[in-house]
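Peer 1: I'd like to ask some things about the structure below.
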Ligand SMILES: Cc1ncc(C[n+]2csc(CCOP(=O)(O)OP(=O)(O)O)c2C)c(N)n1
Ligand SMILES: [Mg+2]
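Residue numbers (our numbering), protein chains in the order written: chain U, 50 to 526; chain W, 258 to 611.
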């Protein structure tokens, strides 16, 4: 039986890549371990090794082909006595899990509606921060997003990089620090090209000492600099949580306003794919709990760019929660203006609807939009709110939406207990109780450490279908 | 590969500063004797700390100061000697919760410090920080940190900013013997050495972290903890203010010349409990008495002044002046009103919107 050689995945989140080069030709004998081809993604390059011995019978994907799906057959290995004629072309053996995540992440599902939904006008409010901390419902800051019409195409990863680079060009005090950010160009390639542009004094590789370098960054911020600290993932940021909360968030208050800490802590948050419990956790509610911090979590590339610029310019410590699964998502609607700075504290209505409000942030926005389409087919018109900022939460936009739809589902990847959904439930209980036609529903990760096994992992994470179910439930359908 | 010159003092073995006053005098021998004016300044600065702390202790006893209150009595020579060696136009300072003396040494106003201890509007943080959390941007004092070990990383970060902006400053980061065992301290030694950060790490080894003696908490020798990173270290007698200043001056010169960080382990002793509520059962009365009677840093300077012929009356004059300053600080701290109720909501974030 001829053996199929499949397009390998370089990482759990890779769905496709380019076949850069064949190092063996049809008819060549290969030993197990021989390098037969090179493949690449926007993040990395890898050699493909033969796992068996035999003869390279047929090359099915030619050199230079882009966008080859993971698990697609790229060549066929023949045993002794077999000929290329024995080869029966097989369909790509992509697993259903991969297919599902691809559709879930396809941004085109949302692009059509994104620009259409009407956004709240917002208002300039005196003493906004004070009122916010007092729990007063205030309109979000105004922002005319529709006025940015000059767009370019970028992935979320590139958008983050562009935002950092633009701000670093503008302000000498801004620097980037973290593990693998400089020479390696970022563990997830979010700082591609930055070392080359800004040099080793401003793009700094650190040792693997999160607690220490977070403290150093905080000290440097107190002494006049504006650091961007990358945590390889937020799971490792736990080592530094003391400095984020005790040193960065509280100093301004404890210093009676004399001394602040303008700093951005950023990195991927939440579950990636099949990396197990220690590498898969959403920290949104952890940091959103803390007065003195701002917490931001982008979904699209435009979110990533506009919010990162806002975070860097903000004179306060900002926790910036990205998502590894979204880094490679490409969008054609990233505003190119240097002034595209999304105000922190302002949500975006991604889709307007009349029947039920779905509140989501980060990766759950894509799933919410997918759910909304499915709901539309079933006759339910859902409104999808992309929070963008977790703290200060745009309570106003959420409440206005509920007053219209009278039903709400909150979707988040974190655990349910004391999560963002719980907070929004409290908000609604306090301010919109009389508007509700059904109790709020939460769609969260199951209340378990994230399991590794593919089937269990899929069960544990919140999916579009769970949002659909929840929305139908609150609509009594 | 970079070769570092490691200060020769590093090879000294651990000193025993207990009791024997003779010890300390011998160290200063190689350095020119301080003149009367220098000694008077030491005397004045150390006395201010002592009297201030005694007053804080009293106010605490009267219920005017709440929470934790960590006094520096006995350790005065450390911060006095080191500050005397600093470039006080640009160097930055950070320490732990035992911070009143560091602020006084940084020339912060005793009234503002005492009023912060009493939690009043006139305090450096308008009553929102307290004894352990006070700052002065103007005097380049960066706290005041309640988390053991945190100040060391922040200090390395202050140094990072000095290097980044090339402003010529050095960060002086104080920590306790207990703090020196924190993981982030080791992390920061590594990064400070790796990046040649201008940081003077000062370990105030007062021989106890709360109730745990150094012997029970710390392996090896604290000033040598930087050795593997190539950071020179030195152990000095912290009951001898002149020795402290001389060592700090050398260390700061070394750092300011671009050589990277330096560790000074300063052997000292706190006379009072860890905080006001500490019964100090973990050490003997005799041990405390031996330091007070034989090694007191203020008495030592006073003796030197008298040996040089300074009249008792001249010293009394200084005592009086200090007493007055502390009295006024205490009065201010009691008269200053509690912070306005609207202070509760301010300074959580730097607000940009008008
Ligand atoms: C991370 C942390 N752990 C524990 C404490 C409680 N604590 C406060 S002071 C202290 C002892 C520190 O001793 P040392 O560093 O020698 O300083 P000293 O009090 O002697 O000046 C401890 C354990 C704390 N504040 N922070
Ligand atoms: Mg101690």
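Backbone N, C-alpha and C fix where the C-beta goes; we use that ideal spot for every residue, glycine too.
Being a predicted model, the structure only gives us computed values, none of them experimental.
#1: Touching or not, the stretch 291–306 of chain W and the stretch 551–564 of chain W, by the rule of three or more beta carbon pairs under 8 Å?
#2: According to DSSP, what are the bridge partners of residue 330 of chain U?
#3: Looking at residue 406 of chain W and residue 618 of chain W, is the spacing between their C-beta atoms short of 9 Å?
#4: Using a threshold of 9 Å, state whether the C-beta atoms of residue 411 of chain U and residue 348 of chain U are closer than that.
#5: Assign residue 505 of chain U to buried or exposed, taking buried as 16 or more other Cβ atoms, counted over all protein chains shown, within 10 Å of its Cβ.
#6: Return the CA-CA distance between residue 171 of chain U and residue 483 of chain U, expressed in angstroms with no decimal places.
#7: Could you check whether the Cβ of residue 137 of chain U sits closer than 9 Å to any Cβ belonging to chain W?
#8: So, for residue 420 of chain U: in the same chain, excluding its five sequence neighbours on each side, which residues have a beta-carbon less than 6 Å away from its beta-carbon?
#9: If we ignore side chains and look at the alpha-carbon of each, how far apart do residue 528 of chain W and residue 338 of chain U end up?
#10: Between which two residues does the beta strand (DSSP E) containing residue 379 of chain U stretch?
#11: Is it right to say residue 473 of chain W is buried, meaning 16 or more other beta carbons lie within 10 angstroms of its own, or is it exposed?
#12: Would you say residue 385 of chain W reaches chain U, if we count a Cβ-Cβ gap shorter than 9 Å as a contact?
#13: For residue 501 of chain U, count neighbouring Cβ atoms within 10 angstroms of its own Cβ and tell me buried if that reaches 16, exposed if not.
#14: Can you determine whether any heavy atom of ligand 1 sits closer than 8 Å to the C-beta of residue 405 of chain W, and answer yes or no?
#15: Let me make sure I understand the geometry here. Which of U:458, U:441, U:276 has the alpha-carbon closest to that of residue 183 of chain U?
#16: Using the beta-carbon of each residue, which ones in chain U are nearer than 7 Å to residue 407 of chain W?
#17: What does residue 392 of chain W touch in chain U if you count any residue whose Cβ is under 7 Å from its own?
#18: Any beta-carbon of chain U closer than 9 Å to the one on residue 607 of chain W?
#19: For residue 354 of chain W, is the beta carbon positioned less than 8 Å from some heavy atom of ligand 1?
#20: Rounded C-beta distance between residue 400 of chain U and residue 375 of chain U? I'm assuming under 8 Å.
#21: By the 10 Å Cβ neighbour count, where 16 or more other Cβ atoms means buried, how is residue 290 of chain W classified, buried or exposed?
#22: Since residue 441 of chain W meets chain U, which of its residues come closer than 8 Å, beta carbon to beta carbon?
#23: Measuring alpha carbon to alpha carbon, tell me which residue in U:475, U:242, U:189, U:233 is nearest residue 437 of chain U.
#24: Along chain U, which residues have their Cβ under 9 Å away from the Cβ of residue 382 of chain W?
#25: Chain U partners of residue 399 of chain W, CB-CB under 8 Å?
#26: With 16 as the cutoff for other CB atoms within 10 Å, does residue 394 of chain U come out buried or exposed?
#27: Taking the beta carbon of residue 260 of chain U as the centre, do at least 16 other beta carbons fall within 10 Å, making it buried, or is it exposed?
#28: Evaluate contact between the stretch 203–220 of chain U and the stretch 352–363 of chain U, counting only Cβ atoms and requiring at least three cross-stretch pairs below 8 Å.
#29: Tell me the residue span of the beta strand (DSSP E) that contains residue 554 of chain W.
#30: Flag residue 437 of chain W as yes when its Cβ comes closer than 8 Å to any non-hydrogen atom of ligand 1, and as no otherwise.
#31: So, do the stretch 567–575 of chain W and the stretch 312–332 of chain W have three or more beta carbon pairs nearer to each other than 8 Å?
#32: Let me see if you follow: with CB-CB separation under 9 Å, is residue 311 of chain U close to chain W or not?
#33: Rounded to a whole number of angstroms, what is the C-alpha to C-alpha distance between residue 458 of chain U and residue 510 of chain U?
#34: How would you label residue 536 of chain W, buried or exposed, when you count the other beta carbons within 10 angstroms and need 16 or more for buried?
#35: Going straight from the alpha carbon of residue 322 of chain U to that of residue 64 of chain U, what length do you get?
#36: Does residue 138 of chain U come out as helix, strand or coil in the three-state DSSP assignment?
Peer 2: So, from the data block:
#1: yes
#2: Counted from its first residue, the first chain places residue 330 of chain U at position 281. Residue 330 of chain U is bridged to U:319.
#3: With chain W running from 258 to 611 in the structure shown, residue 618 of chain W is simply not present.
#4: Along the first chain, read from residue 1 onward, the residue named residue 411 of chain U stands at position 362. Along the first chain, read from residue 1 onward, the residue named residue 348 of chain U stands at position 299. Yes, these two residues count as a Cβ contact at 9 Å.
#5: Within the first chain, residue 505 of chain U is the residue found at index 456, counting from 1. Residue 505 of chain U comes out exposed.
#6: Numbered from 1 along the first chain, position 122 holds the residue referred to as residue 171 of chain U. Numbered from 1 along the first chain, position 434 holds the residue referred to as residue 483 of chain U. Taking the straight line from one Cα to the other gives about 24 Å.
#7: The residue given as residue 137 of chain U occupies position 88 in the first chain. Because the pLDDT at residue 137 of chain U is just 49, under 50, the model does not fix this residue reliably, and the value given afterwards should be weighed accordingly. No, its Cβ sits nowhere closer than 9 Å to a Cβ of chain W.
#8: Residue numbering aside, residue 420 of chain U sits at position 371 when the first chain is read from its first letter. The answer, listed in chain order, is 513, 516, 517.
#9: Position 271 of the second chain, counting from 1, holds the residue named residue 528 of chain W. Position 289 of the first chain, counting from 1, holds the residue named residue 338 of chain U. When rounded, the distance between both Cα atoms is 41 Å.
#10: Residue mapping note: residue 379 of chain U aligns to position 330 of the first chain, counting from 1. Note, residue 379 of chain U: beta strand (DSSP E), 379–384.
#11: What you label residue 473 of chain W is simply residue 216 of the second chain in a count that begins at 1. It counts as exposed.
#12: For the purposes of this step, residue 385 of chain W is identified with residue 128 of the second chain, where counting begins at 1. Closer than 9 Å to some Cβ of chain U, the Cβ of residue 385 of chain W qualifies, so yes.
#13: On the first chain, residue 501 of chain U is found 452 positions in, with the first residue counted as 1. Residue 501 of chain U comes out exposed.
#14: Your numbering for residue 405 of chain W matches position 148 in the second chain. Checking every heavy atom of ligand 1 against the Cβ of residue 405 of chain W, one is found closer than 8 Å.
#15: As a working mapping, residue 183 of chain U is identified with position 134 in the first chain. Out of U:458, U:441, U:276, U:441 has the C-alpha closest to the C-alpha of residue 183 of chain U.
#16: As a working note, residue 407 of chain W is residue 150 in the second chain. Per Cβ cutoff of 7 Å: 264, 291, 292, 295, 296.
#17: If you number the second chain from 1, residue 392 of chain W lands on position 135. Correct list: 304, 307, 308.
#18: To locate residue 607 of chain W, count along the second chain from 1; it is residue 350. Yes, residue 607 of chain W counts as interfacial toward chain U.
#19: Within the second chain, the letter at position 97 stands for residue 354 of chain W. It does: the Cβ of residue 354 of chain W is within 8 Å (strictly closer) of some heavy atom of ligand 1.
#20: In the first chain, counting from the first residue as 1, residue 400 of chain U sits at position 351. In the first chain, counting from the first residue as 1, residue 375 of chain U sits at position 326. Contact flag wrong, Cβ pair sits at about 18 Å.
#21: By one-based count along the second chain, residue 290 of chain W stands at place 33. Classification for residue 290 of chain W: exposed.
#22: On the second chain, residue 441 of chain W is found 184 positions in, with the first residue counted as 1. Neighbours of residue 441 of chain W on chain U, chain order: 258, 260, 261, 264.
#23: The residue given as residue 437 of chain U occupies position 388 in the first chain. Measuring from the Cα of residue 437 of chain U, the nearest candidate turns out to be U:189.
#24: Residue 382 of chain W sits at position 125 when you count from the first residue of the second chain. Chain U residues near residue 382 of chain W: 302, 303, 304, 305, 306, 307.
#25: Here residue 399 of chain W is taken as the residue at index 142 of the second chain, counted from 1. Within chain U, the residues near residue 399 of chain W are 268, 271, 272, 308.
#26: Taking the first chain and counting its residues from 1, the one referred to as residue 394 of chain U is at position 345. Result: buried.
#27: Sequence index remark: in the first chain, residue 260 of chain U carries index 211 (1-based). Buried: at least 16 other Cβ atoms inside 10 Å.
#28: yes
#29: In the second chain, counting from the first residue as 1, residue 554 of chain W sits at position 297. Premise fails: residue 554 of chain W lies in the alpha helix (DSSP H), 554–564, not in any beta strand (DSSP E).
#30: Residue numbering aside, residue 437 of chain W sits at position 180 when the second chain is read from its first letter. Correct: residue 437 of chain W has its Cβ closer than 8 Å to ligand 1.
#31: no
#32: The residue labelled residue 311 of chain U in the question sits at position 262 within the first chain. At least one chain W Cβ lies under 9 Å of residue 311 of chain U.
#33: The count along the first chain starts at 1 and reaches residue 458 of chain U at position 409. The count along the first chain starts at 1 and reaches residue 510 of chain U at position 461. C-alpha separation (whole angstroms): 16 Å.
#34: Numbered from 1 along the second chain, position 279 holds the residue referred to as residue 536 of chain W. So residue 536 of chain W ends up on the exposed side.
#35: Here the question's residue 322 of chain U lines up with position 273 in the first chain. Here the question's residue 64 of chain U lines up with position 15 in the first chain. Answer to the nearest angstrom: the Cα atoms are 11 Å apart.
#36: The residue given as residue 138 of chain U occupies position 89 in the first chain. At residue 138 of chain U the pLDDT is 45, less than 50, meaning the model places this residue with poor confidence; the figure from the coordinates comes in the next sentence. In the structure shown, residue 138 of chain U sits in coil (DSSP, three-state: anything other than H, G, I, E or B).
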